[in-house]
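Peer 1: Chains as they are written, first to last, in numbering that gives the first Met the number 0: chain C, 0 to 184; chain A, 0 to 184; chain D, 0 to 184; chain U, 0 to 184.
Structure incoming, see below.
There are 4 protein chains.
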Amino acid sequence: MRKANAKDRILQTAGELFFRHGYSEVGINEIIAKAETAKASFYQHYPSKEALCEAWLSDVHGRSEISRTELLETEVAPSKKIGIFFDQLKSFMEQSEFRGCPYSNTGAVSGSECVGIIDQIRSHKESIRTFLREVCFQHISDREKANILGDRIFVLYSGATTESQNLKEIWPVEIARAAALELFS
Amino acid sequence: MRKANAKDRILQTAGELFFRHGYSEVGINEIIAKAETAKASFYQHYPSKEALCEAWLSDVHGRSEISRTELLETEVAPSKKIGIFFDQLKSFMEQSEFRGCPYSNTGAVSGSECVGIIDQIRSHKESIRTFLREVCFQHISDREKANILGDRIFVLYSGATTESQNLKEIWPVEIARAAALELFS
Amino acid sequence: MRKANAKDRILQTAGELFFRHGYSEVGINEIIAKAETAKASFYQHYPSKEALCEAWLSDVHGRSEISRTELLETEVAPSKKIGIFFDQLKSFMEQSEFRGCPYSNTGAVSGSECVGIIDQIRSHKESIRTFLREVCFQHISDREKANILGDRIFVLYSGATTESQNLKEIWPVEIARAAALELFS
Amino acid sequence: MRKANAKDRILQTAGELFFRHGYSEVGINEIIAKAETAKASFYQHYPSKEALCEAWLSDVHGRSEISRTELLETEVAPSKKIGIFFDQLKSFMEQSEFRGCPYSNTGAVSGSECVGIIDQIRSHKESIRTFLREVCFQHISDREKANILGDRIFVLYSGATTESQNLKEIWPVEIARAAALELFS
DNA sequence: CATGAATGAGACTTCATTCAT
DNA sequence: AATGAATGAAGTCTCATTCAT
Numbered sequence: 000m001r002k003a004n005a006k007d008r009i010l011q012t013a014g015e016l017f018f019r020h021g022y023s024e025v026g027i028n029e030i031i032a033k034a035e036t037a038k039a040s041f042y043q044h045y046p047s048k049e050a051l052c053e054a055w056l057s058d059v060h061g062r063s064e065i066s067r068t069e070l071l072e073t074e075v076a077p078s079k080k081i082g083i084f085f086d087q088l089k090s091f092m093e094q095s096e097f098r099g100c101p102y103s104n105t106g107a108v109s110g111s112e113c114v115g116i117i118d119q120i121r122s123h124k125e126s127i128r129t130f131l132r133e134v135c136f137q138h139i140s141d142r143e144k145a146n147i148l149g150d151r152i153f154v155l156y157s158g159a160t161t162e163s164q165n166l167k168e169i170w171p172v173e174i175a176r177a178a179a180l181e182l183f184s
Numbered sequence: 000m001r002k003a004n005a006k007d008r009i010l011q012t013a014g015e016l017f018f019r020h021g022y023s024e025v026g027i028n029e030i031i032a033k034a035e036t037a038k039a040s041f042y043q044h045y046p047s048k049e050a051l052c053e054a055w056l057s058d059v060h061g062r063s064e065i066s067r068t069e070l071l072e073t074e075v076a077p078s079k080k081i082g083i084f085f086d087q088l089k090s091f092m093e094q095s096e097f098r099g100c101p102y103s104n105t106g107a108v109s110g111s112e113c114v115g116i117i118d119q120i121r122s123h124k125e126s127i128r129t130f131l132r133e134v135c136f137q138h139i140s141d142r143e144k145a146n147i148l149g150d151r152i153f154v155l156y157s158g159a160t161t162e163s164q165n166l167k168e169i170w171p172v173e174i175a176r177a178a179a180l181e182l183f184s
Numbered sequence: 000m001r002k003a004n005a006k007d008r009i010l011q012t013a014g015e016l017f018f019r020h021g022y023s024e025v026g027i028n029e030i031i032a033k034a035e036t037a038k039a040s041f042y043q044h045y046p047s048k049e050a051l052c053e054a055w056l057s058d059v060h061g062r063s064e065i066s067r068t069e070l071l072e073t074e075v076a077p078s079k080k081i082g083i084f085f086d087q088l089k090s091f092m093e094q095s096e097f098r099g100c101p102y103s104n105t106g107a108v109s110g111s112e113c114v115g116i117i118d119q120i121r122s123h124k125e126s127i128r129t130f131l132r133e134v135c136f137q138h139i140s141d142r143e144k145a146n147i148l149g150d151r152i153f154v155l156y157s158g159a160t161t162e163s164q165n166l167k168e169i170w171p172v173e174i175a176r177a178a179a180l181e182l183f184s
Numbered sequence: 000m001r002k003a004n005a006k007d008r009i010l011q012t013a014g015e016l017f018f019r020h021g022y023s024e025v026g027i028n029e030i031i032a033k034a035e036t037a038k039a040s041f042y043q044h045y046p047s048k049e050a051l052c053e054a055w056l057s058d059v060h061g062r063s064e065i066s067r068t069e070l071l072e073t074e075v076a077p078s079k080k081i082g083i084f085f086d087q088l089k090s091f092m093e094q095s096e097f098r099g100c101p102y103s104n105t106g107a108v109s110g111s112e113c114v115g116i117i118d119q120i121r122s123h124k125e126s127i128r129t130f131l132r133e134v135c136f137q138h139i140s141d142r143e144k145a146n147i148l149g150d151r152i153f154v155l156y157s158g159a160t161t162e163s164q165n166l167k168e169i170w171p172v173e174i175a176r177a178a179a180l181e182l183f184s
């Protein structure tokens, strides 16, 4: 497993480091050292650190997208799905020592010149937003109302993540979960 | 006005830069160049870049605290205060080109070793949380319920800031505002 | 005692620091901080760091000269004086955690441009050399022979100091003492 | 010859500078300028200035060790070897403008935190001490007595180096040489 | 006598990237 | 595909010294 090809090893290593310490706090040297690759091997696979960041965000998105798609198609009550969604956030925050959202964290240090990164962030966020709108639509058949409700839950979800990270406490997630479920009924 | 003393010039310059580009993206060199000071003058006033960051966050906190205290003591309906609070957030986001919350953004790149910074973030966030709980308490006399409502609005506020920044759009603030007011009634 | 005048406080503080860490390892800031003086007060009393170094070496010399003069004039056998001289060196090395000779240590980092410092070193060393020659002359009445013997003991003394410092062990002093006394008889 | 690889060029350049001016008086900038390398190239090869110092001391030790081993195994009278040993010191002092022992000079500015450097100094000094003890053992078959004699000559050697450096004169070496040979017979 | 702000030069170290092999 | 050496620019921080008050 440690002997995956270099490209994957780099992506995995960088992912862990970017996530834990933040994109701007992790250097190429640290990545290649931990991934046990040579410097030039890195640039063979990724044209730049920024490109690696994009690859990482894309990778995370892919995996999280799958889980949302599954959840969306599961045969349980929509309200239950919202509960599960926040439960997943809760265990994610606790397991990651409250590191928060990789996308928001990366966005916090990305200027407007980082077009690729900003695009990844936007599309990931829109994807979650869409997911929540869809769950709401499974509950309310009024598209308009479902969208509004979804957006509200989206904002709650984001605030829960952000403040749980800032305060290193889990209550924001619990508060958001309760609020979301109340809005839902 | 441009000829304030060096310490203030540094703080102001650094504040603008930290806010716009993120703490980790701004170097001492850039700060002292824009503040028109010598490097050693900087270190005469601030023992480290991290200390400057703390001074900046403290400064921002001080000014924002004043505005919240004023708002809290104003003689208008609590629901109105919530509206104003989100209106201020809206214009702040728009005026700052959606740069978002200085505290959350700084927290995104601060490891657990940055004790001073993390403390500033925590206390600022708790201060806003307390403010919102107090406004709610002016509306509902049940302390328990007021606290829960305040915390929910706090989460909405944070999510609005974060996602407005991520998407460079204002709708999250508007959604949060509407949701908060609806929870309020 | 802590409230001696600034000039003396600076000299004493710098002396301790220069001795313990070496002239080049100690900065003006550290000195004035520990001496509780302002920076400009320092430059009022000493025109430069180098001048302070000279004052320190001169001060040390003065005090050590007194003890040698006393010893020279004491009414004991010359061989006994040599023994006492090395005994003093021994306790000095042990008490100072084997920091060695302030003069040699300073000379190790002083280029030929530091005229004042180099002069201090030279005259201090010549003073010790003269002292040893005189003690020998008290023992042998042949001036020529006394000088040679004195110089040999001087070299033993220096080697003892240097290697005791290098090895953080006391045996070089003991070896030198025994050798000196043997040469003496 | 000027176009050796960067690592060697750095080591050689730094060696010359450290020797001539003292470890603490030489900066990385001066080294890389004279070695015609980039700063980052330096840190590719040596993790720190201190590590470079260790490499330098180790290099010097290696070369001096060879010459001592050769001398020890030469087929001449032991007393002759002592004479040669001091002759070498004499020409070294004269050729180097009385810069003295790289190890003692470095030790004069190395705090107890410089473990690697202090180790190099100790082992170099012990190596010379052992050499002198062995030469003496070739002369006296009594191990005990040979050790004591060797140690005395070691102290003379060190004192000669130190004071020749301090006074910028060669007589301490000559005095030590004569004393050593006299002890020897 | 004393002070604290100001400074140019330089300290050591790391950055993301490229090149020859 | 992989490697290690090389790099210019930039990173944070400290140096001894001066000046206005």
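We put the beta carbon where it would ideally sit given N, CA and C, even for glycine.
Taking just the CA atoms, how far does A/Phe97 sit from C/Cys113?
Peer 2: Roughly 15 Å between the two C-alpha positions.
Peer 1: Taking contact to mean 3 or more Cβ pairs, one atom from each stretch, closer than 8 Å, check whether the segment 86-100 of chain U and the segment 30-43 of chain U are in contact.
Peer 2: Short answer: they don't touch.
Peer 1: What is the rounded straight-line gap between the Cα of D/Ile31 and the Cα of D/Glu168?
Peer 2: Going from the Cα of D/Ile31 to the Cα of D/Glu168 covers about 33 Å.
Peer 1: For C/Gly99, which three-state DSSP category applies?
Peer 2: It is coil, neither helix nor strand.
Peer 1: For the segment 159-177 of chain A, enumerate the residues whose C-beta is nearer than 7 Å to any C-beta of chain C, in chain order.
Peer 2: Result list: Ala159, Thr161, Glu162, Gln164, Asn165, Leu166, Pro171, Ile174, Ala175.
Peer 1: Which word fits C/Val154, buried or exposed, when buried means at least 16 other C-beta atoms lie within 10 angstroms of its C-beta?
Peer 2: C/Val154 is buried by the Cβ-count criterion.
Peer 1: So what does DSSP say about A/Tyr45, is it helix, strand or coil?
Peer 2: Coil at A/Tyr45, not helix or strand.
Peer 1: For the alpha helix (DSSP H) that contains A/Lys79, what are its first and last residues?
Peer 2: 77-94 is the span of the alpha helix (DSSP H), which, as asked, contains A/Lys79.
Peer 1: So for U/Thr36, helix, strand or coil by DSSP?
Peer 2: In the structure shown, U/Thr36 sits in coil (DSSP, three-state: anything other than H, G, I, E or B).
Peer 1: Report yes or no: is there a C-beta of chain D within less than 9 Å of the C-beta of U/Asn104?
Peer 2: Taking Cβ atoms only, chain D reaches closer than 9 Å to U/Asn104, which makes this a yes.
Peer 1: Assuming contact is defined by CB atoms lying nearer than 9 Å, are C/Glu24 and A/Val25 in contact in what I supplied?
Peer 2: Not closer than 9 Å, so no.
Peer 1: Under a three-way DSSP split, which group does A/Ile169 fall into?
Peer 2: In this structure, A/Ile169 counts as coil in the three-state DSSP scheme.
Peer 1: Could you please tell me which residues of the segment 12-31 of chain C, in chain order, have their CB closer than 9 Å to any CB of chain A?
Peer 2: Answer set for the segment 12-31 of chain C: Arg19, His20, Gly21, Tyr22, Ser23, Glu24.
Peer 1: How many whole angstroms separate the CB atoms of C/Ile152 and C/Ala177, which I take to be in contact at a CB cut-off of 8 Å?
Peer 2: The pair is not a contact, with the Cβ atoms about 12 Å apart (cut-off 8 Å).
Peer 1: Going by the beta-carbon positions, is the gap between D/Ile27 and D/Phe17 smaller than 9 Å?
Peer 2: For D/Ile27 and D/Phe17, no; Cβs fall outside 9 Å.
Peer 1: Which chain D residues are close to U/Ser157, counting only those with a beta carbon under 7 Å from its beta carbon?
Peer 2: Result: Gly158, Thr161, Glu162.
Peer 1: Helix, strand or coil for D/Ser184 per DSSP?
Peer 2: Correct three-state label for D/Ser184: coil.
Peer 1: By how many angstroms is the C-alpha of C/Lys124 removed from the C-alpha of A/Arg1?
Peer 2: Note that A/Arg1 has pLDDT 45, beneath the 50 cutoff, so the model's placement of it is unreliable and the number below is only indicative. In a straight line, the C-alpha of A/Arg1 is about 41 Å away from that of C/Lys124.
Peer 1: Is C/Val108 close to chain A? Criterion is C-beta to C-beta, closer than 9 Å.
Peer 2: Cβ-Cβ to chain A under 9 Å: yes for C/Val108.
Peer 1: Name the chain U residues that come within less than 7 Å of D/Ile120, Cβ to Cβ?
Peer 2: Those are Asn165, listed as they occur along chain U.
Peer 1: Using the beta-carbon of each residue, which ones in chain U are nearer than 8 Å to D/Lys33?
Peer 2: Neighbours of D/Lys33 on chain U: none; closest Cβ ~16 Å, over 8 Å.
Peer 1: Curious, which full-length alpha helix (DSSP H) runs of at least 4 residues does the segment 96-144 of chain C contain?
Peer 2: DSSP runs (the alpha helix (DSSP H)) wholly in the segment 96-144 of chain C: 101-106, 114-138.
Peer 1: Using DSSP with H/G/I as helix, E/B as strand and the rest coil, what is C/Gly21?
Peer 2: Coil, per DSSP.
Peer 1: Using a Cβ-Cβ cut-off of 9 Å, state whether A/Arg151 counts as contacting chain C.
Peer 2: Yes, A/Arg151 counts as interfacial toward chain C.
Peer 1: Which value, in whole angstroms, describes the spacing of the CA atoms of D/Ile9 and U/Ser163?
Peer 2: Going by the C-alpha atoms only, they are around 32 Å apart.
Peer 1: For D/Asn4, count neighbouring C-beta atoms within 10 Å of its own C-beta (all shown protein chains included) and say buried if the count is 16 or more, exposed if not.
Peer 2: It is exposed - the Cβ of D/Asn4 has fewer than 16 other Cβ atoms within 10 Å.
Peer 1: Beta-carbon of D/Ile9 versus every beta-carbon of chain U: anything under 9 Å?
Peer 2: For D/Ile9, the answer is no, since every Cβ of chain U falls outside 9 Å of its Cβ.
Peer 1: What do you reckon, are the CB atoms on U/Ile116 and U/Glu29 nearer than 9 Å?
Peer 2: Contact: no.
Peer 1: Determine whether the Cβ of C/Gly99 lies closer than 9 Å to any Cβ atom of chain A.
Peer 2: Chain A, which has a Cβ nearer than 9 Å to the Cβ of C/Gly99, makes this yes.
Peer 1: For A/Thr73, count the other beta carbons within 10 Å of its own beta carbon; 16 or more makes it buried, fewer makes it exposed. Which is it?
Peer 2: So A/Thr73 ends up on the exposed side.
Peer 1: Kindly indicate if chain A contains any beta-carbon less than 9 Å away from that of C/Ile147.
Peer 2: Output row for C/Ile147: interface = yes.
Peer 1: Which one of A/Arg142, A/Cys52, A/Gln43 has the shortest CA to CA distance from A/Gly14?
Peer 2: Per the Cα distances, A/Cys52.
Peer 1: Are D/Leu56 and D/Gln119 closer than 9 Å when you measure CB to CB?
Peer 2: Result yes, Cβ atoms of D/Leu56 and D/Gln119 sit closer than 9 Å.
Peer 1: Quick one: does C/Lys144 have its CB under 9 Å from some CB of chain A?
Peer 2: Chain A contact via Cβ: absent.
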